[in-house]
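Asks: So that we are looking at the same thing, I have put the structure below in structure tokens.
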Amino acid sequence: MNTTKVWNFADLHLHTTYSDGGATVIEVLEHAMRNTNLRAVAVTDHDEIEGAFEAQRLAPHFGIDVIVGEEISTAHGHLLGLFLQKRIPPKLSAFETIVRIHEQGGLAIAPHPFDASVPSLGCRLGAVNLCALPFDGIEVFNASIFWPWRAANRTAQNLAMSMGMAQIGGSDAHSLCAVGSGRTAFRGSRASDVFDAIRTRTVWADGVYLSRRKHARQVVDMMRSMGVGAFARWVVHVALPAGA
Ligand SMILES: [Zn+2]
Ligand SMILES: [Zn+2]
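Counting in the numbering used here, the sequence shown runs from 120 upward without gaps.
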């Protein structure tokens, strides 16, 4: 690692219209370039990777590095794959999913592991079994967690510290207003620097929680993008079962 490199920020958890996000790939990249100090973003749509490839192709026009990612709906909850080469199917076990991520040279991150309002690995598996999985990092700051569940970030951070895991921050943005609200600090400026920083655990997380106004804005943007019917199905099939 080159310790002379300066610290920069990456948002490693973003959704676009390729899944349930309210903004297109181009809108996300343009917003990140104009309105944030991010040097890299990971596009991590639910069970979909084409938007991330599109973002990677367009990235040179926006002066920002793109990491190809996917938020995979495993049988045990959401799991982030970063630096992927190809899509990983949903509904595999968490362990099998991590193996497939590593087989293609990617990194496996446990997103919002203790947020009970969405399907989360730590809620389904418990902290002990979560720790037994070969993750490369834990998302310890997720800016989109609703206020009743925000202690989940602290629980995740305590676990990451006790395990010596890389601590990741991400916005989990489903709307432009959230992009960059959660960040991972790393030395350097390129996606490859983010990879090295996670592998060497020289990262830290910070960010600002979404205000209630921004949460409302996200819901409106998601409904506009998905359509009211699809949004209602999303609530029934994704949001509501999470607490089960
Ligand atoms: Zn998630
Ligand atoms: Zn997400």
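Glycine included, each C-beta is placed from N, C-alpha and C at the ideal position.
Measuring from the CB of Asp-291, is there a heavy atom of ligand 2 at a distance below 8 Å?
Replies: Within the cutoff, so yes.
Asks: So the candidates are Ser-290, Leu-252 and Phe-265; which of them puts its Cα closest to the Cα of Met-284?
Replies: Out of Ser-290, Leu-252 and Phe-265, Leu-252 has the C-alpha closest to the C-alpha of Met-284.
Asks: Hey, would you say the C-beta of His-134 is under 8 Å away from at least one heavy atom of ligand 2?
Replies: yes
Asks: According to the neighbour-count rule (16 or more other Cβ atoms, all chains shown, within 10 Å of its Cβ), is Ser-281 buried or exposed?
Replies: exposed
Asks: Alpha carbon to alpha carbon, how far is Leu-199 from Phe-181? Give it in angstroms, no decimals.
Replies: 24 Å
Asks: Could you give the DSSP three-state label for Phe-314: helix, strand or coil?
Replies: It is helical.
Asks: Mapping DSSP to helix, strand and coil, what is Phe-265?
Replies: coil
Asks: Report the residue from Leu-177, Lys-124, His-231 and Phe-202 whose alpha carbon sits nearest the alpha carbon of Val-144.
Replies: The shortest C-alpha separation from Val-144 is found at Leu-177.
Asks: Hey, Ile-240 and Gly-196 are a contact pair by Cβ (cut 8 Å); roughly how many whole angstroms apart?
Replies: Ile is not the amino acid found at residue 240; the sequence shown has Leu there. Yes, Leu-240 and Gly-196 are in contact; Cβ-Cβ is about 4 Å, under 8 Å.
Asks: Output the residues surrounding ligand 1, defined as those with a CB atom closer than 6 Å to any ligand heavy atom, in chain order.
Replies: Glu-190, His-197, Pro-230, His-231 and Val-237
Asks: Give me the residue from Pro-232, Arg-302, Asn-127 and Ala-304 with the minimum Cα distance to Leu-249.
Replies: Pro-232
Asks: Just mark Ser-212 as buried or exposed, buried being the case when its beta carbon has 16 or more other beta carbons within 10 Å.
Replies: exposed
Asks: Out of Ile-207, Arg-158, Arg-309 and Gln-223, which has the shortest C-alpha to C-alpha gap to Glu-167?
Replies: Ranking Ile-207, Arg-158, Arg-309 and Gln-223 by Cα distance to Glu-167 puts Ile-207 first.
Asks: Using only the alpha-carbon positions, how far apart do Arg-331 and Ile-257 sit?
Replies: 25 Å
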